[in-house]
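Contents: one structure, followed by commentary.
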Amino acid sequence: MAKYLVIVESPAKAKTIKKFLGSNYKVEASNGHVRDLPKSQLGVDVDNDFEPKYITIRGKGELLAKLRKEVKKAQKIFLATDPDREGEAISWHLVHSLKLEDKVVSRISFNEITKNAVKNSIKQAREIDMDLVDSQQARRILDRVVGYKISPLLWKKIKKGLSAGRVQSSALKLICDREEEINAFIPEEYWSLEAILKINQTQESINCKFYGTTKEKIKISSKDELDQIVNNLEGADYKISEVKKRDRHKKPLNPFITSTLQQEASKKLNFSTQKTMRIAQQLYEGIDIEKEGTVGLITYLRTDSIRISEEAETQLREYIQNEYGEQYLREAVKEKKSTKKVQDAHEAIRPTYVHLKPENIKKSLSRDQFRLYQLIWTRFVASRMKPAKYITTSIKIDAKEYRFTASTSTLDFDGFLKVYKMNEEEKENKIISNIQEDTKLTLDELEPKQHFTQPPPRFSEASLVKTLEELGIGRPSTYAPTITTIMQRRYIIKEDKMLFPTELGEIVTNIMKEYFKDIVNTNFTATLEKELDQVEEGELFWKEVLRKFYPDFIVTVEKAEEEIGDIKIEEEVTDVICEQCGENMVIRYGRHGKFLACPAFPECRNTKPYFEKIGVDCPKCDGEVVIRKTKKGRRYFGCENIPECDFMTWQKPTDTKCPKCDAVLLEKGKHLVCSDEKCNFQTENNK
26 MAKYLVIVES PAKAKTIKKF LGSNYKVEAS NGHVRDLPKS QLGVDVDNDF EPKYITIRGK
86 GELLAKLRKE VKKAQKIFLA TDPDREGEAI SWHLVHSLKL EDKVVSRISF NEITKNAVKN
146 SIKQAREIDM DLVDSQQARR ILDRVVGYKI SPLLWKKIKK GLSAGRVQSS ALKLICDREE
206 EINAFIPEEY WSLEAILKIN QTQESINCKF YGTTKEKIKI SSKDELDQIV NNLEGADYKI
266 SEVKKRDRHK KPLNPFITST LQQEASKKLN FSTQKTMRIA QQLYEGIDIE KEGTVGLITY
326 LRTDSIRISE EAETQLREYI QNEYGEQYLR EAVKEKKSTK KVQDAHEAIR PTYVHLKPEN
386 IKKSLSRDQF RLYQLIWTRF VASRMKPAKY ITTSIKIDAK EYRFTASTST LDFDGFLKVY
446 KMNEEEKENK IISNIQEDTK LTLDELEPKQ HFTQPPPRFS EASLVKTLEE LGIGRPSTYA
506 PTITTIMQRR YIIKEDKMLF PTELGEIVTN IMKEYFKDIV NTNFTATLEK ELDQVEEGEL
566 FWKEVLRKFY PDFIVTVEKA EEEIGDIKIE EEVTDVICEQ CGENMVIRYG RHGKFLACPA
626 FPECRNTKPY FEKIGVDCPK CDGEVVIRKT KKGRRYFGCE NIPECDFMTW QKPTDTKCPK
686 CDAVLLEKGK HLVCSDEKCN FQTENNK
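Under our numbering, the first residue of the sequence shown is numbered 26, with each subsequent residue one higher.
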């Protein structure tokens with residue numbers, strides 16, 4: 026009979042660990058958390074110094090009974106949950122749920138599920154780290170208080186079932202603010218000029234970009250300025266004034282941390298953050314590999330450290346030397362210490378066994394597992410390879426007082442690019458790289474192009490994660506669930522990788538900005554994150570974070586309650602008659618926003634789309650312009666007679682006509698702009 030009981034979170038992890046431990050060990054899984062705050066109430070006694078009320082999670086009773094039986098048989102219990110504050114908290118909850126206070130209990134953690142790591146963790150067993158537990162408790166209770174105090178106000182103001190949260194509301198505000206920026210953006214005209222020059226000796230052509238004068242760079246802002254330059258260049262000789270060659274090195278990137286893995290998997294594999302974390306969890310916990318058995322393929326996936334262990338460093342350097350040769354091995358460098366909090370027990374995300382090449386184990390992996398493992402493996406191997414070397418050729422060509430430039434890069438040594446391909450491909454132009462200062466050139470053609478400045482891009486999941494990380498909002502483990510939550514709430518939608526706020530998302534954000542400025546303030550949220558890190562480091566008592574936060578917060582909540590009032594959500598009655606029962610239909614909120622419903626529900630279940638009129642006549646027919654939504658919930662303005670009439674625009678149209686071309690003027694922030702893209706008329710919006 027087994028003497029020792031090891032408890033992990035997941036059955037997959039249990040299966041992987043079993044093979045490393047002898048018959049004296051029994052490995053069981055808790056299937057994640059076993060205790061939590063109750064869903065039906067706040068579960069925090071704010072009058073008793075924020076004492077939490079934990080209850081057994083529904084459905085865990087049978088599992089806990091089974092674990093209690095195993096506990097009675099065991100001489101010693103090892104709690105082997107994940108190596109982060111969430112994992113530490115699960116171990117702490119297990120102690121209470123299984124009544125292990127009088128038992129011999131040890132906490133073990135490992136950054137990778139390998140034989141050495143698991144066996145070493147048992148030798149280095151420790152007590153539960155209460156600083157980690159308290160940091161998790163502070164975060165959980167803080168988020169519970171914010172969510173459970175603000176959400177009912179949203180129910181009063183909008184509709185039931187909505188939610189607000191400390192991190193999710195800040196993330197949603199970023200997306201809504203970006204949409205406002207885009208809607209208010211006024212494009213500015215500018216021009217570029219290219220000279221297509223023929224090399225007299227070979228008759229080959231090179232394209233050179235207009236730079237300015239020989240003394241300074243010039244921006245061409247209008248057609249008139251362009252025409253003036255073209256006229257001045259009439260009859261000019263084009264002479265090479267400088268050919269400059271230099272070496273340029275492109276350094277390899279560090280191994281992945283959680284945020285960079287999510288970003289790169291989004292760009293290269295088109296994975297959502299949630300999908301990336303799910304598949305990475307599978308790779309961490311263990312995959313059944315042919316001839317190897319169950320193997321944990323990568324280190325722990327929630328980390329903000331780029332450090333790798335000495336053992337992994339040695340193995341990797343040997344691998345590069347044997348596989349690619351000494352010329353590819355980068356000199357050993359000291360890693361810069363991160364300025365932000367790093368859990369030093371963690372490493373970067375890397376393969377546990379570098380010799381397990383992705384191609385060699387492809388048969389044992391699903392397509393998505395293989396692609397993510399390959400991404401992690403190649404990034405790790407490339408991180409210790411030499412930089413790629415390019416020879417860059419830059420040329421300056423003068424014509425009268427003006428200057429044109431051209432450049433190209435030629436790959437001289439591939440270095441880490443042998444393993445890890447970058448998204449940006451270097452464009453090589455052999456004609457430019459072979460050009461000399463005495464090369465004779467003749468103008469073939471001047472090619473002007475009109476451009477307009479572009480608004481800032483909408484967030485993708487990758488760029489949102491990057492921004493959240495830069496602003497210090499949330500932590501590696503929170504990015505994926507945060508984005509998933511605001512998508513599930515239908516506050517945002519994803520189209521062509523880009524994130525758009527829905528009408529519902531904009532309404533929620535506006536209420537949060539009006540009544541709870543601090544909660545959606547990125548600096549405030551980032552400061553709270555730093556305090557939670559201080560709790561983790563043992564520098565701050567966890568309840569102190571709540572004591573500082575709660576008094577001002579509850580005053581804000583009470584003020585909001587007073588201003589919002591005890592609103593009874595009256596359904597707005599319309600003049601649209603339900604054709605099934607004759608009742609006047611009412612406006613209700615659904616997951617995409619407003620819709621028309623029969624008030625006799627559930628007896629009558631008739632519904633219709635609700636098209637809100639904006640008081641503007643359609644410029645193409647005798648209909649009116651209404652607010653419409655795409656299938657995914659993105660708002661636009663279109664004619665009420667669609668599909669018979671095809672008028673639509675993303676910006677709100679007005680009843681004012683353009684004085685230059687008689688087209689409709691659109692609202693764009695503080696301006697009115699012409700809807701005809703060929704007409705550049707704009708004026709102040711005096712509304």
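Every residue gets a Cβ at the ideal spot worked out from N, C-alpha and C, and that includes glycine.
Residues bridged to residue i [DSSP beta-bridge criterion]
i, result
"residue 525", "518"
"residue 318", "314"
"residue 683", "In the DSSP output, where bridge partners are listed per residue, residue 683 has none listed."
"residue 32", "53, 104"
"residue 692", "697"
"residue 678", "691"
"residue 110", "Answer is none; residue 110 lacks a bridge partner."
"residue 267", "421"
"residue 612", "597, 621"
Secondary structure of residue i, DSSP reduced to three states
i, result
"residue 638", "strand"
"residue 357", "coil"
"residue 380", "coil"
"residue 273", "strand"
"residue 397", "helix"
"residue 230", "strand"
"residue 77", "strand"
"residue 537", "helix"
"residue 707", "strand"
"residue 566", "coil"
"residue 215", "strand"
"residue 600", "strand"
"residue 143", "helix"
"residue 575", "helix"
"residue 39", "helix"
"residue 239", "coil"
"residue 505", "helix"
"residue 27", "coil"
Unbroken alpha helix (DSSP H) run spanning residue i, endpoints
i, result
"residue 171", "155-182"
"residue 454", "Premise fails: residue 454 is in no alpha helix (DSSP H) and is neither H nor E."
"residue 661", "Taken as a continuous stretch (DSSP letters only), residue 661 belongs to no alpha helix (DSSP H), being part of the beta strand (DSSP E) at 660-664."
"residue 554", "547-561"
"residue 341", "335-349"
"residue 202", "191-209"
"residue 459", "Careful: residue 459 lies outside any alpha helix (DSSP H) and carries neither H nor E."
"residue 713", "Limits of the chain in this structure are 26 at one end and 712 at the other, which puts residue 713 out of reach."
"residue 252", "248-257"
8 Å CB neighbourhood of residue i in its chain, flanking five on each side removed
i, result
"residue 621", "599, 601, 610, 611, 612, 613, 632, 633, 634, 635"
"residue 264", "422, 423, 424, 466"
"residue 145", "135"
Own chain, CB closer than 7 Å to residue i, minus 5 neighbours either side, in chain order
i, result
"residue 58", "82, 115, 118"
"residue 388", "315"
"residue 304", "393, 394, 397"
"residue 664", "643, 645, 646, 648, 650, 670, 672"
"residue 326", "283, 302, 305, 306, 309, 374"
"residue 346", "354"
"residue 40", "311, 319"
Nonlocal neighbours in the same chain, by C-beta distance under 6 Å from residue i, ignoring five residues either side
i, result
"residue 48", "none"
"residue 106", "34, 112, 115, 116"
"residue 365", "Low per-residue confidence applies at residue 365: pLDDT is 45, beneath 50, and the placement is therefore not dependable, though the value from the model is reported in the following sentence. Counting only Cβ-Cβ distances below 6 Å, and skipping sequence neighbours, we find nothing."
"residue 470", "221"
Limits of the beta strand (DSSP E) - the one that residue i falls within
i, result
"residue 473", "466-477"
"residue 413", "413-424"
"residue 432", "427-438"
"residue 654", "649-654"
"residue 132", "130-132"
- Query: Using 8 Å as the threshold, is the stretch 263-274 in touch with the stretch 406-416, meaning 3 or more CB pairs across them?
  - Reply: Contact between the stretch 263-274 and the stretch 406-416 is present, because at least three Cβ pairs lie under 8 Å.
(message) For the structure I just gave you, are there three or more beta carbon pairs, one from the stretch 643-654 and one from the stretch 507-514, closer than 8 Å?
(response) For the pair of segments examined, the stretch 643-654 was found not to touch the stretch 507-514: the number of CB pairs separated by less than 8 Å stays below three.
Check: Any contact of the stretch 208-222 with the stretch 234-241, i.e. 3+ C-beta pairs under 8 Å?
Finding: Under the Cβ criterion (8 Å, minimum of three pairs), the stretch 208-222 counts as touching the stretch 234-241.
Are three or more beta carbon pairs between the stretch 450-464 and the stretch 156-168 nearer than 8 Å?
With the rule of 3 Cβ pairs closer than 8 Å, the stretch 450-464 does not count as touching the stretch 156-168.
Q. Counting Cβ pairs, one atom from each stretch, are 3 or more of them under 8 Å apart for the stretch 83-91 and the stretch 99-114?
A. Segments in contact, no.
Stretch-stretch touch, CB-based, cutoff 8 Å, three pairs: the stretch 168-178 with the stretch 120-129 | Because the criterion of three Cβ pairs below 8 Å is not met, the stretch 168-178 and the stretch 120-129 do not touch.
State whether the stretch 489-505 contacts the stretch 279-288, with contact taken as three or more CB pairs (one from each stretch) at a distance under 8 Å.
Touching, yes, given that three or more Cβ pairs across the two stretches are closer than 8 Å.
Next item on the list: Please confirm if the stretch 471-483 is in contact with the stretch 205-214, defined as three or more CB-CB distances below 8 Å between the two stretches.
Entry: The count of Cβ pairs closer than 8 Å, one atom from the stretch 471-483 and one from the stretch 205-214, reaches three, so the stretches are in contact.
Open item on the list: Across the stretch 486-493 and the stretch 530-540, are there enough close Cβ pairs to call them in contact, namely three or more that are closer than 8 Å?
Closed with: Contact fails: fewer than three Cβ-Cβ distances are below 8 Å.
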